[in-house]
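S.K.:
In our numbering, the protein residues as written are 359 to 803.
#1: Assuming residue 492 is part of the beta strand (DSSP E), what are its boundary residues?
#2: Between residue 361 and residue 460, what straight-line distance do the alpha-carbon atoms span, to the nearest angstrom?
#3: Pick from 592, 687, 674, 780: whose alpha carbon is nearest that of residue 662?
#4: Suppose you measure from the CA of residue 771 to the CA of residue 562; what does that come to, to the nearest Å?
#5: Does residue 766 pass the burial test, meaning 16 or more other C-beta atoms within 10 Å, or should it be called exposed?
#6: Kindly give me the distance between the Cβ atoms of residue 654 and residue 764, rounded to whole angstroms, as I take these residues to be in contact under 8 angstroms.
#7: Taking all protein chains shown into account, decide if residue 634 is buried (16 or more other Cβ within 10 angstroms of its Cβ) or exposed.
#8: With a cut-off of 8 angstroms, do at least 3 Cβ pairs link the region 569-585 to the region 622-641?
#9: Starting from the C-beta of residue 358, find all residues in its chain whose C-beta is less than 6 angstroms away, skip the five residues before and the five after it, and write them out in chain order.
#10: According to DSSP, is residue 655 helix, strand or coil?
#11: Looking at the secondary structure, which residues open and close the beta strand (DSSP E) in which residue 761 lies?
#12: Could you tell me how far apart the beta carbons of residue 445 and residue 470 are, in whole angstroms, since I believe they sit closer than 8 angstroms?
#13: State the start and end residues of the unbroken alpha helix (DSSP H) segment that holds residue 778.
#14: Measure the alpha-carbon distance for residue 671 versus residue 758 and round it to whole angstroms.
#15: Which term fits residue 643, buried or exposed, when burial requires 16 or more other beta carbons within 10 angstroms of its beta carbon?
#16: How far does the alpha helix (DSSP H) with residue 680 in it extend, from its first residue to its last?
#17: Along the beta strand (DSSP E) that carries residue 630, what are the first and last residues, could you check?
#18: Excluding the 5 residues flanking residue 591 on each side, which residues of the same chain have their C-beta closer than 6 angstroms to its C-beta?
#19: Report yes if the C-beta of residue 766 is less than 6 angstroms from at least one heavy atom of the ligand GTP; otherwise report no.
#20: For residue 645, does the count of other Cβ atoms within 10 angstroms reach 16, so buried, or fall short, so exposed?
#21: Who are residue 466's beta bridge partners in DSSP?
#22: Could you give the residue range of the beta strand (DSSP E) that holds residue 640?
#23: Under a three-way DSSP split, which group does residue 480 fall into?
#24: Return the first residue and the last residue of the alpha helix (DSSP H) that residue 431 is part of.
#25: Under a three-way DSSP split, which group does residue 738 fall into?
#26: Looking only at C-alpha atoms, which of 495, 574, 474, 558 sits nearest to residue 601?
#27: Going by CA-CA distance only, name the one from 640, 594, 552, 448 that's closest to residue 564.
#28: For residue 534, which three-state DSSP category applies?
#29: Three-state secondary structure (DSSP) at residue 458?
#30: Grouping DSSP H, G and I as helix and E and B as strand, with all else coil, what is residue 503?
#31: Please state whether the Cβ-Cβ distance between residue 681 and residue 612 is less than 7 angstroms.
#32: Compare the beta carbon distance of residue 679 and residue 639 with 7 angstroms and say whether it is the shorter of the two.
#33: Got a sec? Which residues, its chain only, sit under 7 angstroms from residue 413 by beta carbon, not counting five neighbours each side?
#34: Given a cut-off of 7 angstroms on the beta-carbon distance, is the pair residue 488 and residue 474 in contact?
#35: Can you tell me whether residue 649 is helix, strand or coil according to DSSP?
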C-alpha cells in the first residue's frame with residue numbers, strides 16, 4: 359500500500375503498507391516504477407517515511423486540512439486497524455483538489471482498503487481511475503502484496519485484461535510495456551507487417567488498372583488486350599490482396615496471443631513460494647537457478663507423481679528441477695488476515711519492496727549463492743488461489759478444459775517450456791532437460 363510522507367515542500371512518497379507498522383519504511387515513487395522492463399531502473403525518493411509522519415500530521419484543529427495530510431492520516435488510521443476511518447480520510451483527500459501524486463496515492467490506498475474488506479468491484483474502480491487519470495503503473499498492482507487478495511478475485515482478471523488491451527478507460531502504459539517485450543521476442547513482425555501492407559497496396563493499384571483492361575478485352579476490337587492474359591493478371595492481383603491481408607491479420611492475432619502470454623508470464627513471476635527452509639520467495643527470484651515443474655491436479659494424483667519423481671531425484675536435481683505441487687480446491691477459500699492486509703506479515707517481510715527495480719527484485723534478500731543452498735527438491739505454494747487462477751488461465755489459452763490434471767515445465771528464464779495433460783513422464787524429462795552445467799542450460803538463461 360502506498361505510504362505518503364508528510365514533508366513540507368517535498369514530493370509525496372510511497373512505501374509498502376505491510377511495513378507500516380515497522381519503524382523503518384522504504385519510500386518509493388510509483389510514477390517512476392516500471393516492473394515489466396528489466397532494464398529500467400526505479401528512481402527511489404530519498405525522503406524517509408518513518409512512523410514520525412503520523413505524529414507530524416496533527417489533528418485538523420491545529421493544522422489546515424490538505425489532501426496530503428488526509429492521506430497521511432488515513433495511513434495512520436489503517437496502521438491501527440481502523441480501515442473504515444481510513445477510507446473516510448482518503449475520500450476527503452480526493453475532495454480537496456489534490457495534485458496528481460496526491461490523487462494517485464489516495465485512490466491507490468483506497469483500493470487497498472477495499473481489497474482488505476473484500477470489496478473487489480470498488481477496489482477495481484479506484485485502480486481503474488488511477489491507471490487512466492494519474493499514470494499508475496499496472497506493474498505496481500501486480501507486485502504489491504497488499505493486493506494479493508484482490509488478485510485472486512475475478513475483478514482483477516477483468517482489470518488486467520482491460521490493461522492488456524489498452525484504451526481510454528484504462529490507459530495504454532501496460533499495453534505499451536507488453537508490446538516492447540513482444541518486439542524483443544519477435545523482432546521481424548514489424549517488417550512482415552510493412553511488406554504485407556506494401557504488397558497489398560501494390561496489388562490494389564495493379565488491380566485498379568487491370569479491371570478497365572479486362573472490360574476492353576471483353577468488348578473486343580483491334581486494340582483490345584488478350585482476354586486470357588488479362589484475366590490471369592486480375593486473378594493474381596485479387597489473390598495477392600487476399601493473401602497479404604490474411605498474413606497481416608494473422609500477425610495481429612499472433613501479437614495479441616503473445617501479449618496475453620507475456621501478461622500471464624508476468625503474473626506467474628510474482629507468485630510466491632515457500633522453500634524447504636520456510637523462506638518465502640517470488641518465482642522471479644529463482645530465475646536462472648531452477649526449472650520449476652508445476653503439478654496441478656487432485657491431491658492423490660499429485661502425490662503419486664511426486665512419489666514417482668523421487669526415483670529420479672538425483673538426475674532431476676542435476677537438471678535444476680523444482681517440484682511445485684498445486685492441489686485443486688485449496689485456494690477456493692482464501693484466508694483473510696485480521697491485521698494488515700494482503701499477505702501475512704511474515705510473508706511480506708520476505709518479499710522485496712515494490713519500489714525496488716527489477717534486477718534487485720531477483721537478488722534482494724540474500725546473494726544467489728545462498729538462495730541456491732536453500733532450494734531443495736520441492737517447494738510449497740503460498741497463495742493457492744492465485745496459483746490456481748493462473749493455471750486455469752493457462753489451460754484456457756492452450757485449449758485445455760480448466761480443472762484437468764496438468765503439468766507445466768518452465769525454462770530457466772521463467773517462461774513456459776512445455777505443458778501437457780496428466781502428470782509428466784519423469785524418465786522422458788530426464789532425457790529432455792540438459793544438466794545445469796551444460797552449454798544448452800547456459801543458453802537458456
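Where is the CB? At the ideal position from N, CA and C, for every residue including glycine.
M.R.: By the coordinates alone:
#1: Per DSSP, residue 492 lies in no beta strand (DSSP E) and is assigned neither H nor E.
#2: At residue 361 the pLDDT is 45, less than 50, meaning the model places this residue with poor confidence and gives no usable figure here.
#3: Closest by alpha carbon: 780.
#4: Their backbone Cα atoms lie some 45 angstroms apart in a straight line.
#5: Flag for residue 766 reads buried.
#6: Residue 654 to residue 764, Cβ: 5 angstroms. Contact.
#7: With fewer than 16 Cβ atoms within 10 Å of its Cβ, residue 634 is classed as exposed.
#8: No, because fewer than three Cβ pairs between the region 569-585 and the region 622-641 fall closer than 8 angstroms, the two stretches do not touch.
#9: Outside the modelled stretch of the chain, which goes from 359 to 803, sits residue 358, for which no answer is possible.
#10: Of the three classes helix, strand and coil, the one that applies to residue 655 here is strand, per DSSP.
#11: That residue, residue 761, is in no beta strand (DSSP E); it is neither H nor E in DSSP.
#12: No, residue 445 and residue 470 are not in contact; Cβ-Cβ is about 10 angstroms, not under 8 angstroms.
#13: Premise fails: residue 778 lies in the beta strand (DSSP E), 774-779, not in any alpha helix (DSSP H).
#14: Roughly 29 angstroms between the two C-alpha positions.
#15: Buried is the call here.
#16: In the DSSP assignment, residue 680 falls outside any alpha helix (DSSP H) and lies within the beta strand (DSSP E) extending over 679-685.
#17: Unbroken beta strand (DSSP E) run through residue 630: 630-632.
#18: Excluding sequence neighbours, residue 591 sits near 568.
#19: The model depicted lacks the ligand GTP and carries no ligand whatsoever.
#20: Of the other Cβ atoms in all chains shown, 16 or more fall within 10 Å of the Cβ of residue 645; this residue is therefore buried.
#21: Bridge partners of residue 466: none, in fact.
#22: Where residue 640 is concerned, the enclosing beta strand (DSSP E) stretches over 638-640.
#23: Residue 480 carries a helical assignment under DSSP once its states are collapsed to helix, strand and coil.
#24: Following the DSSP letters along the chain, one finds residue 431 inside the alpha helix (DSSP H) bounded by residues 425-437.
#25: In this structure, residue 738 counts as strand in the three-state DSSP scheme.
#26: It is 558 whose Cα lies nearest to the Cα of residue 601.
#27: With distances taken between Cα atoms, residue 564 lies closest to 594.
#28: In the structure shown, residue 534 sits in a helix (DSSP, three-state: H, G or I).
#29: Residue 458: helix per DSSP, three-state reduction.
#30: Reduced to three states, the DSSP call for residue 503 is helix.
#31: Taking 7 angstroms as the cut-off, the beta carbon of residue 681 is found no closer than this to the beta carbon of residue 612.
#32: Taking a C-beta distance under 7 angstroms as the contact criterion, residue 679 and residue 639 do not qualify as a contact pair.
#33: Note that residue 413 scores 39 on pLDDT, short of 50, meaning its location in the model is unreliable and no value can be drawn from it.
#34: Contact: no.
#35: Residue 649 falls in the strand class under three-state DSSP.
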